[in-house]
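The sequence shown begins at 223 in the numbering used here and counts up one residue at a time. Just so you know, even glycine gets a beta-carbon here, dropped at the ideal spot from N, CA and C. From a predicted model like this one, the values you see are computed outputs, not experimental measurements. Please read the structure below before turning to the comments.
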Amino acid sequence: MFKLHLLPADINECLQNPCLNKGTCSNTEGSYKCSCPKGWRGANCEYGIKQLH
223 MFKLHLLPAD
233 INECLQNPCL
243 NKGTCSNTEG
253 SYKCSCPKGW
263 RGANCEYGIK
273 QLH
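Put into structure tokens, the structure is as follows:
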């Protein structure tokens, strides 16, 4: 008798466009990571960094 073990499929969380402010999304196993453009930070690039002059 054979048992079939199915592994859960990893979905591409980047398809939902979670990164804000033109951040770049990278799909990871079970999650995602945003690379924020200059002037933005946070898990989803949601926080602006104030420029000091």
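Sequence-distant Cβ neighbours of residue 235 in its own chain, meaning closer than 7 angstroms and more than five residues away, are 249, 253, 254.
Assignment of residue 247 by DSSP, reduced to helix, strand and coil, places it in the strand class. By the beta-carbon neighbour count (other beta carbons within 10 angstroms, threshold 16), residue 270 is exposed. Looking only at 237, 223, 241, 260, the smallest Cα-Cα distance to residue 268 is reached by 241.
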